[in-house]
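Trainee: According to the working numbering, the sequence shown is numbered sequentially starting from 28.
C-beta atoms are modelled at their ideal positions from N, C-alpha and C, and glycine is treated no differently.
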Amino acid sequence: MTTIKTFVLVAGEASGDQLGGSLMRALKSRNPDAVFTGVGGPAMIAEGLQPWYDLERLSVNGFSEPLKRLPELISIFRGIKQRVLEQRSDCFIGIDFNFFNLLLEGSLKKAGIRTVHYVSPSVWAWRSGRIRRIKQNVDLMLTLYPFETQIYHDHGIPARFVGHPKAQQVEVGAGQANQLRERQQRGIGSEALVIAVLPGSRGSEVKLSLPDFIGAMTRLVEKRPGTLFLIPAVNTNRKRQIERILREHCGSLPVTVSEGDALDVMTAADGVLVNSGTATLEAMLLGKPMVMAYRLGWLTYQIVSRLVNIEYFALPNILAGKYLVPELLQDQANADDLVEALCEVLEPAKRAMLTREFAAIHETLVGDLVADAVAPIEALISTGDRIE
């Protein structure tokens, strides 16, 4: 008789929800009767997650916002821990959302629950001392990028490079091959200049970045009349927030706001103005020229700027090991500089170079979740010990 496996997964933001959905699908391919509970969004719920809390309740950013919501976060933390221990889950899988999930993993591991962390914290970029806590709290680390795995092996932590599901989902060259189709579906002509604008998935990110982006959009229309803008919102709340900020900051920009279709929107575009994070990876996989701009709150920036120890911030630059994508941070993320950078990456020679570079990186990110993630998780559950 086969025992039904029970998994608890916790994602804290939209990008983690997408990753969680892909992982659940892979787990179900070998464990069709498995039960999934925890915290996730639409992608994980569509795969069968029974949610304990709304994803939005965990979605916080920076240093000050978590402090303001600390009582609520502590309550959710305790609630998740209690439920996991009550049902004696086979495995807890924390998806990104590192501070919260690593604490939870440590607490659960002490109680005998097997723990997996999906998406490596950026220990190679800042606070490398966290790897000691990871070794104590995590039975298995699943990494998205090839260079991360060796870091964990060097510290005696079982780790597997599983590839990035987006690299599997998006075929090399799809951003160009499917552009006309996506434009036709939106009633956009093939000759129009179209810019996808992605101000972030969190409310705090949108609040800080979108006013700068609107300024850049206004300047670009002045320089290149007829430019069209598409803004994909991650959910209904973000869509309402974006529409409100647009009403407050601009009058008649040619902009369309939609919900939940970021990949399709970027496919239709010639270039992308993007906040940092997973969206830069998606734009890269689609072969789209982009400018990355990011603003943090003043206090958060003062803290982070003293802790970060990396040369690049945009994922394409980190993966390439060189400067491909313009990075405009804090006061650099102003309208004039954003437009100048956008016009530069849209030049034909620059676009062709970026397309080639992005395709080469894309090839290195393709993995197999069933072989590289599900099999080690099953081995961990069956042995009860760390895998090597």
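(1) Measure the CB-CB distance between Val-224 and Phe-256 and report whether it falls below 8 Å.
(2) Do Leu-312 and Ala-194 have their CB atoms nearer than 8 Å?
(3) Which residues does DSSP pair with Thr-170 in a beta bridge?
(4) Inspect the beta-carbon positions of Gln-206 and Ala-295 and report whether they are closer than 8 Å.
(5) To the nearest angstrom, report how far apart Arg-159 and His-182 are at their CA atoms.
(6) Three-state secondary structure (DSSP) at Leu-355?
(7) Evaluate the contact criterion for the segment 362-370 versus the segment 229-248: three or more CB pairs, one atom per stretch, below 8 Å.
(8) Return the CA-CA distance between Ala-73 and Leu-355, expressed in angstroms with no decimal places.
(9) If you reduce the DSSP assignment to three classes, tell me which class Cys-118 lands in.
(10) Report the residue ranges of all alpha helix (DSSP H) runs contained in full by the segment 228-303; include only those spanning at least 4 residues, in chain order.
(11) Grab the span of the alpha helix (DSSP H) containing Val-372 for me, first residue to last.
(12) Count Cβ pairs between the segment 385-405 and the segment 163-172 that sit closer than 8 Å; are there 3 or more?
(13) Could you check how far apart the C-beta atoms of Lys-424 and Glu-371 are, in whole angstroms? I think they sit under 8 Å.
(14) By DSSP, does Pro-226 sit in helix, in strand, or in coil?
(15) Grab the span of the alpha helix (DSSP H) containing Arg-159 for me, first residue to last.
(16) Hey, would you say the C-beta of Asp-395 is under 7 Å away from at least one heavy atom of the ligand PLP?
(17) Is it the case that the segment 216-233 contacts the segment 297-314, given that we only count it when at least three CB pairs across the two stretches are under 8 Å?
(18) Just reading off the alpha helix (DSSP H) that Phe-127 is part of, what are its end residues?
(19) In terms of residue numbering, what span does the alpha helix (DSSP H) encompassing Leu-389 cover?
(20) Along the beta strand (DSSP E) that carries Asp-81, what are the first and last residues, could you check?
(21) Could you check what DSSP says for Val-35 in three-state terms: helix, strand or coil?
(22) Which one or two residues does DSSP pair with Gly-67 in a beta bridge?
(23) With three or more beta-carbon pairs closer than 8 Å as the criterion, would you say the segment 125-141 touches the segment 49-58?
(24) Check the DSSP bridge columns for Thr-410 and list the partner residues they point to.
(25) Give me, in chain order, the residues of the same chain whose beta-carbon lies closer than 8 Å to that of Ser-134; leave out the 5 immediate sequence neighbours on both sides.
(26) Residues in the same chain with beta-carbon distance under 7 Å from Ala-379, minus the five sequence neighbours each way, listed in chain order, please.
(27) Tyr-179 by DSSP, collapsed to three states: which one?
(28) If distances are taken between C-alpha atoms only, which option among Thr-263, Pro-78 and Arg-157 comes closest to Gly-65?
(29) Have a look at the DSSP bridge pairing and note the partners of Thr-142.
(30) Distance check for Ile-404 and Met-28, CA to CA, integer angstroms please.
Mentor: Let's see:
(1) For this step, residue 224 is matched to residue 197 along the sequence shown. For this step, residue 256 is matched to residue 229 along the sequence shown. Note that the C-beta distance between Val-224 and Phe-256 is below 8 Å.
(2) Taking the first residue of the sequence shown as position 1, residue 312 is located at position 285. Taking the first residue of the sequence shown as position 1, residue 194 is located at position 167. The Cβ-Cβ distance between Leu-312 and Ala-194 falls below 8 Å.
(3) Translated into positions along the sequence shown, residue 170 becomes position 143. Answer is Phe-188, bridged to Thr-170.
(4) On the sequence shown, position 179 is the one that residue 206 refers to. On the sequence shown, position 268 is the one that residue 295 refers to. Their beta carbons are under 8 Å apart, which means Gln-206 touches Ala-295 by this criterion.
(5) Position 132 of the sequence shown, counted from the start, is the residue given in the question as residue 159. Position 155 of the sequence shown, counted from the start, is the residue given in the question as residue 182. Approximately 8 Å, taken between the alpha carbons.
(6) Against the sequence shown, residue 355 aligns to sequence position 328. DSSP, reduced to helix, strand and coil, places Leu-355 within a strand of the structure shown.
(7) Yes, they touch.
(8) Taking the sequence shown and counting its residues from 1, one reaches residue 73 at position 46. Taking the sequence shown and counting its residues from 1, one reaches residue 355 at position 328. For Ala-73 and Leu-355, the distance between alpha carbons rounds to 36 Å.
(9) Numbered from 1 along the sequence shown, position 91 holds the residue referred to as residue 118. DSSP places Cys-118 in strand when its eight states are reduced to three.
(10) Fully enclosed alpha helix (DSSP H) runs of 4 or longer: 230-250, 263-276 and 289-295.
(11) Working through the sequence shown from its first residue, we reach residue 372 at position 345. Val-372 -> alpha helix (DSSP H) spans 362-372.
(12) Contact between the segment 385-405 and the segment 163-172 is present: three or more C-beta pairs spanning the two stretches fall below 8 Å.
(13) Nothing in the structure corresponds to residue 424, since the chain is present only between 28 and 415.
(14) Position 199 of the sequence shown, counted from the first residue, corresponds to residue 226. Under the three-state reduction of DSSP output, Pro-226 falls in the coil class, being neither helix nor strand.
(15) Here residue 159 refers to the residue found at position 132 of the sequence shown. If you look at Arg-159, you'll find it in the alpha helix (DSSP H) that goes 157-164.
(16) Within the structure as shown, the ligand PLP is missing, as the structure has no ligands at all.
(17) With the cut-off at 8 Å, the segment 297-314 and the segment 216-233 touch.
(18) The residue you call residue 127 lines up with position 100 of the sequence shown. From DSSP, the alpha helix (DSSP H) with Phe-127 extends over 125-137.
(19) Position 362 of the sequence shown holds residue 389. Leu is not the amino acid found at residue 389; the sequence shown has His there. 375-391 is the extent of the alpha helix (DSSP H) around His-389.
(20) Translated into positions along the sequence shown, residue 81 becomes position 54. First-last of the beta strand (DSSP E) with Asp-81: 77-81.
(21) The count along the sequence shown starts at 1 and reaches residue 35 at position 8. Residue state, collapsed to three classes: strand.
(22) For the purposes of this step, residue 67 is taken as the residue at position 40 of the sequence shown. Per DSSP, Asp-81.
(23) Counting C-beta pairs closer than 8 Å gives fewer than three between the segment 125-141 and the segment 49-58, which falls short of the contact rule.
(24) The residue labelled residue 410 in the question sits at position 383 within the sequence shown. Beta-bridge pairing by DSSP links Thr-410 to no other residue.
(25) What you label residue 134 is simply residue 107 of the sequence shown in a count that begins at 1. For Ser-134, the CB contacts under 8 Å within the same chain, skipping 5 residues up- and downstream, are Lys-108 in chain order.
(26) Counted from its first residue, the sequence shown places residue 379 at position 352. Annotation for Ala-379: no residue places its beta carbon closer than 7 Å to its own, counting only its chain and skipping 5 residues before and after.
(27) Start at 1 with the first residue of the sequence shown, and residue 179 comes out as number 152. DSSP places Tyr-179 in helix when its eight states are reduced to three.
(28) Stepping through the sequence shown from its first residue, residue 65 is reached at position 38. When each option's Cα is compared against that of Gly-65, the closest is Pro-78.
(29) The residue you call residue 142 lines up with position 115 of the sequence shown. DSSP, once it has assigned bridges, lists Phe-119 as partnering Thr-142.
(30) Here residue 28 refers to the residue found at position 1 when the sequence shown is read from its first residue. Here residue 404 refers to the residue found at position 377 when the sequence shown is read from its first residue. Residue confidence for Met-28 is low, a pLDDT of 42 falling below 50, so the modelled location carries little weight; the figure read from the coordinates is stated next. In a straight line, the C-alpha of Met-28 is about 20 Å away from that of Ile-404.
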